[in-house]
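Numbering (my numbering), first residue to last: 29 to 740.
Every residue gets a Cβ at the ideal spot worked out from N, C-alpha and C, and that includes glycine.
Please read the structure below before turning to the comments.
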Amino acid sequence: MTSSEQGPSVIYRACNLCEAICGLEITVENNKVITIKGDKDDPFSQGHICPKGTTLQDLQTDPDRLKRPVKKVNGAWVEISWDEAFDLAVDRLWDIGQKHGHNAVGIYLGNPNVHNYGALTHGSQFLRLLQSKNRFSATSVDQLPHQFTSYQMYGHQFLIPIPDIDHTDHMIIMGANPVVSNGSIMTVPNVKPRLENILKRGGKVIVIDPRRTETAKLATAHHFIKPGRDVVFLLAFLNHLFTENLVQTAHLSDHLDGFETIHGLIKDFPYGRVQDITGLSLDVIQSLAEEFAAQDKAVFYGRMGVSVTPYGALCQWLIQLINIATGNLDRVGGTLIPLPAVDLVGAGLVGRGGYGRWHSRVSNRPEVCGELSSSLMAEEILTEGAGQIKAMVLAAGNPVLSTPNGGQLEQAFGQLDFMLAIDFYINESSRFADLILPPTAPLEHNHYDVSFYGLSVSNVTRFNEKAITAEGGSLDDWEIYHELMVRYLKKLDVDKMPKKRGPERLIAVALTNGPYGRRRGKPEGLSLSKLKENPHGILLGDLHPLLTKRLKTKSGKITCAPDLLVADLDRLKGDLFTTPTKDTLLLIGRRDIRTNNSWSHNSRRLVKGKDRCVLLINPADLDRYGFEDGAQVSVKSRVGCVTLTAQASDDMMPGVISIPHGWGHDRKGVKMRIARAHGGVSVNDLTDEKIIDQLIGTAAVNGVEVSLCAPD
């Protein structure tokens with residue numbers, strides 16, 4: 029029974045707003061969502077749902093959501109037909125590319141693309157035709173260090189080891205708050221009980237973070253650390269394993285290349301300065317290392333807090349080495365590689381990665397895993413000369429709020445000759461567009477999670493059928509990209525046009541040819557029809573040791589000492605270990621269970637209640653700067669200044685302040701009424717595009733130096 033028929037019906041599908049992929053039970057009547065609940069029969073999420081899942085209903089009925097194309101005419105938005113919109117988009121992009129060269133068209137892909145299978149399967153087909161090397165995405169403000177490290181060590185950017193959270197007895201969590209984020213680079217719905225189960229098994233959860241997070245409050249122990257200094261902690265931790273003969277590579281010994289050189293590379297760092305640099309005593313770090321090494325099943329997990337720093341790549345490399353040195357890589361209870369039903373890595377459907385295959389025009393920064401750092405986007409638009417970006421394709425992204433120095437990017441976007449946005453909101457970034465093509469809402473199209481089953485703590489799969497029939501001539505992402513592609517191919521004088529085939533067909537082929545598929549000699553194996561017969565999803569089993577069989581390195585072994593990462597140790601030794609510490613405030617971000625980056629603030633139920641865009645600061649720092657709790661304070665950095673309410677909190681490490689990311693909506697031209705009424709400030713009006721990981725270009729938005737003053 030489809031949702032467009034009369035009478036109530038229940039549709040089961042997964043939420044695709046974040047990585048957790050929680051199952052939903054959606055009651056629909058007359059093509060309208062009545063209720064959204066957690067799907068208790070989903071074998072993976074088991075009925076868990078966070079506040080964001082229910083707001084898919086709000087998104088469906090949001091009067092601010094665009095359903096048909098709009099173009100800007102004399103500063104006003106005018107609705108136009110799809111045919112006119114497609115022709116306009118392709119004509120303008122083609123003309124600019126012909127006049128100024130392919131690289132004059134820049135591309136920015138926002139995070140929602142990886143949560144939408146139509147954008148993944150068909151977006152690249154069109155964007156490839158543009159032949160631009162000016163490709164940017166949210167990756168370089170997020171998980172790029174994970175991908176780069178996996179590319180360097182395991183031969184493929186998406187061979188990322190995942191914590192075996194359900195079987196470990198000892199978990200160190202550094203720079204992550206999964207209780208709020210629902211897990212990241214670790215698809216793990218209902219994570220809080222899973223962490224609590226570690227404690228019930230007699231194990232420990234240790235959190236290392238500049239803030240006593242929601243995750244830290246349920247942990248066995250929490251230790252403050254200065255943001256951006258995690259790499260020094262990790263070096264000291266790993267070095268102690270070697271010096272105390274605690275290294276036990278166990279089952280990995282025959283699969284390691286270069287591991288014997290690691291201790292020699294790190295043993296001569298001046299570890300006597302560790303406490304001054306990190307805020308943690310060397311004794312504490314060494315004790316943590318000894319306790320970790322003594323466990324049969326332990327896992328070290330680091331996420332955003334260690335990734336978006338000047339040494340994010342080194343941090344993720346050192347974390348891999350710690351898990352290797354203790355025999356916890358590719359081991360039950362340690363870290364494991366998922367085997368998803370749609371096996372992108374095994375089937376060769378996604379690139380292995382790369383480094384330095386081209387460089388940026390202005391700063392000569394290297395390409396990493398197929399793109400340039402988003403921190404370079406503004407300078408590539410603002411700096412005149414051959415190859416200057418003149419047009420942008422903005423696909424489901426809001427970089428004004430989500431990348432460093434948003435104020436500079438606003439200036440850059442304002443001078444473009446043309447911008448095409450694929451988005452269903454006129455937000456802080458798409459307001460600069462000349463043309464917006466809105467795709468259907470999440471509940472209006474089918475979905476299969478191509479990305480996050482490859483990062484899941486269990487092997488699981490499900491196909492999600494649409495709950496609502498789109499009205500008003502709306503098009504899915506894949507249909508939009510197909511029409512753009514066809515028109516662009518005509519510009520290229522291609523005679524034979526590709527058939528209009530949706531992503532469902534591609535998923536069907538990938539499932540039947542995948543590791544659990546019918547064509548693998550398994551008559552009862554997976555197929556798309558079987559998934560449709562099991563709307564709650566199918567649990568395929570626990571993860572198991574697999575990495576050594578899936579390595580894509582030339583040697584067939586784990587590359588423990590990649591040249592690029594080894595060379596970057598010299599930069600570290602000449603920087604953090606020699607630079608005197610400053611008496612300055614360091615800025616970090618934070619997440620909230622009712623927000624998802626900048627996406628969710630146009631839902632009244634998610635923004636109601638007390639203001640959550642506040643500055644968290646240790647009471648001692650508040651006194652030091654002469655402010656009262658609840659006062660309005662201005663926070664200044666090299667690039668900008670924001671004013672917001674200060675809230676005293678013992679959860680903050682002295683010398684560290686926190687502002688949540690994703691806010692800053694009250695800007696001229698934004699057409700999101702609820703979000704504008706609860707605007708807040710953008711932390712990325714403070715973060716600095718010049719502070720990046722020099723090796724791979726990841727934005728260092730954690731640990732930015734700031735000062736406080738009274739508002740003007």
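Let me check understanding here. Comparing Cα to Cα, which of Glu532, Glu499, Ala728 lies closest to Lys60? Glu499
Looking at Ser160: is its Cβ nearer than 7 Å to the Cβ of Asn141? no
Nearest by alpha-carbon distance to Leu444: which of Ser710, Lys220, Gly134 is it? Gly134
With DSSP as the reference, label Thr215 as helix, strand or coil. strand
Is the region 697–711 touching the region 381–399, taking contact as three or more C-beta pairs under 8 Å? no
Range covered by the alpha helix (DSSP H) that runs through Thr82: Element bounds for Thr82: 79–82.
Identity of the residue in Thr468, Leu94, Val106, His150 nearest Trp506 by Cα: His150
Cα separation between Ser747 and Asn487? Residue 747 lies beyond the range of the chain shown here (29 to 740); nothing can be said about it.
Secondary structure at Lys99, three-state DSSP: helix, strand or coil? strand
I'd like the ranges of any alpha helix (DSSP H) spanning at least 4 consecutive residues and lying wholly in the region 652–736. Counting only runs of at least 4 residues, the region 652–736 fully encloses the following alpha helix (DSSP H) elements, listed from N- to C-terminal order: 701–705.
Applying the 10 Å Cβ sphere with the 16-neighbour rule, what's the burial state of Ser32? Low per-residue confidence applies at Ser32: pLDDT is 48, beneath 50, and the placement is therefore not dependable enough to give any value.
Note down, one range per segment and in chain order, each beta strand (DSSP E) of at least 3 residues found wholly within the region 167–214. 198–202
In angstroms with no decimal places, state the Cα-to-Cα distance between His250 and Ala244. 6 Å
Is it true that the region 81–92 meets the region 428–447, where meeting means three or more beta-carbon pairs spaced less than 8 Å apart? no
Per-residue DSSP class, three states only, for Leu471: helix
By DSSP, does Ala244 sit in helix, in strand, or in coil? It is helical.
Using the Cβ count rule (16 or more neighbours within 10 Å means buried), how would you classify Thr289? By the neighbour-count criterion, in which a residue is buried when 16 or more other Cβ atoms sit within 10 angstroms of its Cβ, Thr289 is exposed.
Verify whether the separation of the beta carbon atoms of Ala375 and Leu554 is less than 7 Å. No.
Taking the beta strand (DSSP E) that Asp570 falls in, what are its first and last residues? 566–570
May I ask which residues mark the beginning and end of the beta strand (DSSP E) holding Phe480? First-last for Phe480: undefined, no H or E at that position.
Cys43 to Asp67, Cα distance in whole Å? 10 Å
For Thr671, which option in Lys718, Glu107, Gln660, Phe252 has the closest C-alpha, if you only look at C-alpha atoms? Gln660
Between the CA atoms of Leu613 and Arg93 - distance to the nearest angstrom: Annotation: Arg93 to Leu613 spans about 39 Å, alpha carbon to alpha carbon.
Between the Cα of Leu437 and the Cα atoms of Leu422, Asp451, Ile450, which residue gives the shortest distance? Leu422
Straight-line gap, Lys638 to Thr673 (C-alpha atoms, nearest Å): 12 Å
Hey, quick one: how far does the alpha helix (DSSP H) through Ile352 stretch, first residue to last? 340–353
Close Cβ partners of His689 (< 6 Å) along its chain, the five nearest in sequence each way excluded: Gly617, Val711
Assuming Phe252 is part of the alpha helix (DSSP H), what are its boundary residues? Here Phe252 belongs to no alpha helix (DSSP H), and DSSP marks it neither H nor E.
Extent of the continuous alpha helix (DSSP H) run through Ser335: Where Ser335 is concerned, the enclosing alpha helix (DSSP H) stretches over 332–335.
Looking only at its own chain, which residues have a Cβ that is under 8 Å from the Cβ of Gly435, when we skip the five neighbours before and after it? Val667, Gly668, Asp713
Counting Cβ pairs, one atom from each stretch, are 3 or more of them under 8 Å apart for the region 104–118 and the region 467–475? no
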